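Student: In the numbering used here, the protein residues as written are 427 to 766. C-beta atoms are modelled at their ideal positions from N, C-alpha and C, and glycine is treated no differently. This one's a predicted model, so the numbers in the text were calculated from it and none came from an experiment.
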């Protein structure tokens with residue numbers, strides 16, 4: 427058996443500690459041997475949880491002094507592009523929290539960096555590994571409701587997810603955007619995966635309903651046009667509850683997901699079942715991250731599948747950037763027709 431791959435976590439906040447680390451510690455072939463975080467308290471927390479790891483104040487120190495195979499980037503969004511570039515230059519495979527990038531120009535930069543280095547770049551699309559999503563995917567693959575004709579996602583939160591220290595999610599300089607960057611990215615890759623088509627255009631309307639003094643949106647409504655169906659997104663941090671609801675209409679029936687309950691209406695009959703996992707239970711979802719690690723490792727060891735996740739992330743970048751452009755211009759924005 428080959429030695430485990432050695433990795434470093436860059437940014438040791440809530441997501442890294444509560445969402446990523448439990449799965450890394452349990453994984454038999456991937457090992458975290460280093461952590462970088464600029465905050466002394468987070469460095470101390472990393473030392474307490476990983477007493478044998480090297481802990482440093484910045485990524486460059488680790489890249490220069492620790493033998494690594496990969497990095498896990500879990501810093502605020504606007505730091506992703508430079509960190510990806512530095513890790514690629516060091517010859518390291520990269521798993522990165524969403525959003526991979528905010529703009530098409532940033533995506534082009536990271537794509538060029540990892541292409542030159544010949545390394546894997548993988549975005550954490552963890553909701554694809556939730557039980558509700560996997561159940562819906564199986565129902566569609568089995569033809570339960572026939573060809574899809576429409577998809578609707580509603581994500582309601584009573585505030586954005588908490589962060590250690592000040593709340594970077596409502597600071598545009600670090601977050602790069604508001605709820606579209608956060609929950610919107612999840613909705614984009616899930617909808618693309620369910621539609622199994624490349625989106626053609628998007629129209630978005632953004633608002634501030636709760637965080638009135640923030641420079642990012644806390645609510646968004648989007649319409650996404652696919653070749654054979656239309657998708658609707660309704661996202662807000664200004665709700666009174668935590669709730670995630672998906673509705674999928676097909677030629678022969680309807681599927682609804684309401685957090686942990688999946689209901690199917692077809693042929694005049696209704697059936698439902700409850701999943702062990704709820705889509706709105708917590709913000710970190712460590713139970714989904716083990717499968718993310720497996721998919722990342724597969725792209726590292728099998729070059730023939732390398733880039734599958736990156737192609738999905740590219741579509742998310744396009745949807746995200748064009749959603750902001752659509753809101754600014756108050757019109758539908760087309761998406762590029764061809765990927766790399």
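Let me know if residue 639 comes out buried or exposed under the rule of 16 or more other beta-carbons within 10 Å of its beta-carbon.
Tutor: On the chain shown, position 213 is the one that residue 639 refers to. So residue 639 counts as exposed.
Student: Taking one C-beta from the region 719-727 and one from the region 526-544 each time, how about it: are there three or more such pairs within less than 8 Å?
Tutor: Result no; under three Cβ-Cβ pairs closer than 8 Å.
Student: Which one or two residues does DSSP pair with residue 672 in a beta bridge?
Tutor: The count along the chain shown starts at 1 and reaches residue 672 at position 246. For residue 672, which the question treats as bridged, DSSP gives the partners 579, 683.
Student: Can you tell me whether residue 744 is helix, strand or coil according to DSSP?
Tutor: As a position in the chain shown, residue 744 is number 318, starting the count at 1. Reduced to three states, the DSSP call for residue 744 is helix.
Student: Determine the extent of the alpha helix (DSSP H) in which residue 616 is found, giving its start and end residues.
Tutor: Indexing the chain shown from 1 puts residue 616 at position 190. From DSSP, the alpha helix (DSSP H) with residue 616 extends over 611-621.
Student: Taking 6 Å as the limit between beta carbons, can you name the residues of its chain near residue 479, skipping five residues before and five after?
Tutor: Here residue 479 corresponds to residue number 53 of the chain shown, with the count starting at 1. Contacts found: 459, 460, 461.
Student: On the CB-based measure, 16 or more other CB atoms within 10 Å of its CB, does residue 625 come out buried or exposed?
Tutor: Residue numbering aside, residue 625 sits at position 199 when the chain shown is read from its first letter. Classification for residue 625: buried.
Student: Quick one: give me the first and last residue of the alpha helix (DSSP H) that residue 498 is part of.
Tutor: In the chain shown, residue 498 corresponds to position 72, counting from 1. That residue, residue 498, is in no alpha helix (DSSP H); its beta strand (DSSP E) goes 496-499.
Student: Could you work out which residue in 560, 748, 709, 573 is closest to residue 629 when comparing CA atoms only?
Tutor: Counted from its first residue, the chain shown places residue 629 at position 203. It is 748 whose Cα lies nearest to the Cα of residue 629.
Student: Quick one: Cα of residue 433 to Cα of residue 456, how far?
Tutor: Start at 1 with the first residue of the chain shown, and residue 433 comes out as number 7. Start at 1 with the first residue of the chain shown, and residue 456 comes out as number 30. Their Cα atoms are separated by approximately 7 Å.
Student: Using a Cβ-Cβ cutoff of less than 7 Å, which residues in the same chain neighbour residue 595 once the five nearest sequence positions on both sides are dropped?
Tutor: Counted from its first residue, the chain shown places residue 595 at position 169. Only 586, 587, 589, 601, 608 meet the Cβ criterion.
Student: Tell me the rounded alpha-carbon separation between residue 474 and residue 662.
Tutor: The residue you call residue 474 lines up with position 48 of the chain shown. The residue you call residue 662 lines up with position 236 of the chain shown. Those two C-alpha atoms are separated by around 36 Å.
Student: I think residue 678 touches residue 571, with their Cβ atoms under 8 Å apart; what is that distance to the nearest whole Å?
Tutor: Here the question's residue 678 lines up with position 252 in the chain shown. Here the question's residue 571 lines up with position 145 in the chain shown. Confirmed, about 5 Å.
Student: Is the separation between the beta-carbon of residue 553 and that of residue 616 shorter than 7 Å?
Tutor: In the chain shown, the residue the question calls residue 553 occupies position 127. In the chain shown, the residue the question calls residue 616 occupies position 190. Yes; because the gap between Cβ atoms is below 7 Å, this pair is in contact.
Student: Could you pull the start and end residues of the alpha helix (DSSP H) that residue 431 belongs to?
Tutor: As a position in the chain shown, residue 431 is number 5, starting the count at 1. Here residue 431 belongs to no alpha helix (DSSP H); instead the beta strand (DSSP E) covers 431-436.
Student: Leaving out five residues before and five after residue 598 in sequence, what residues of the same chain have Cβ atoms less than 6 Å from its Cβ?
Tutor: Your numbering for residue 598 matches position 172 in the chain shown. Hits under 6 Å: 641, 642.
Student: Using 8 Å as the threshold, is the region 482-497 in touch with the region 703-718, meaning 3 or more CB pairs across them?
Tutor: With the cut-off at 8 Å, the region 482-497 and the region 703-718 do not touch.
Student: Beta strand (DSSP E) containing residue 657: first to last residue?
Tutor: Position 231 of the chain shown, counted from the first residue, corresponds to residue 657. It spans 656-662 - the beta strand (DSSP E) in which residue 657 sits, taken as one unbroken run.
Student: Note down, one range per segment and in chain order, each beta strand (DSSP E) of at least 3 residues found wholly within the region 463-550.
Tutor: Segments of the beta strand (DSSP E) lying fully in the region 463-550: 480-482, 496-499, 519-522, 547-549.
Student: Can you look up residue 461 in the DSSP assignment and give me helix, strand or coil?
Tutor: Within the chain shown, numbered from 1, the residue matching residue 461 stands at position 35. Residue state, collapsed to three classes: strand.
Student: Can you look up residue 720 in the DSSP assignment and give me helix, strand or coil?
Tutor: The residue you call residue 720 lines up with position 294 of the chain shown. Looking at residue 720 - three-state DSSP - the assignment turns out to be helix.
Student: Exposed or buried, what is residue 635 when buried is set at 16 or more other beta-carbons lying within 10 Å of its beta-carbon?
Tutor: Taking the first residue of the chain shown as 1, we reach residue 635 at position 209. Classification of residue 635: exposed, given that the 10 Å Cβ count is below 16.
Student: Excluding sequence positions up to five away, which residues of its chain have a Cβ less than 6 Å from the Cβ of residue 603?
Tutor: Within the chain shown, numbered from 1, the residue matching residue 603 stands at position 177. So the list reads 642, once near-sequence residues are dropped.
Student: Assuming the contact rule is C-beta atoms closer than 8 Å, residue 526 and residue 739 should be a hit. Round their C-beta distance to whole Å, please.
Tutor: Here residue 526 refers to the residue found at position 100 when the chain shown is read from its first residue. Here residue 739 refers to the residue found at position 313 when the chain shown is read from its first residue. With a Cβ gap of about 5 Å, residue 526 and residue 739 count as contacting.
Student: Considering only residues of the same chain and omitting the five flanking positions on each side of residue 734, which have a CB-CB separation below 8 Å?
Tutor: Along the chain shown, read from residue 1 onward, the residue named residue 734 stands at position 308. So the list reads 725, once near-sequence residues are dropped.
Student: Apart from the five residues on each side of it in sequence, which residues of its chain come closer than 6 Å, Cβ to Cβ, to residue 785?
Tutor: No answer is possible for residue 785: the residues shown for the chain start at 427 and end at 766.
Student: Less than 6 Å between C-beta atoms, sequence neighbours within five positions excluded: which residues of the same chain meet that for residue 529?
Tutor: As a working mapping, residue 529 is identified with position 103 in the chain shown. Only 747 meet the Cβ criterion.
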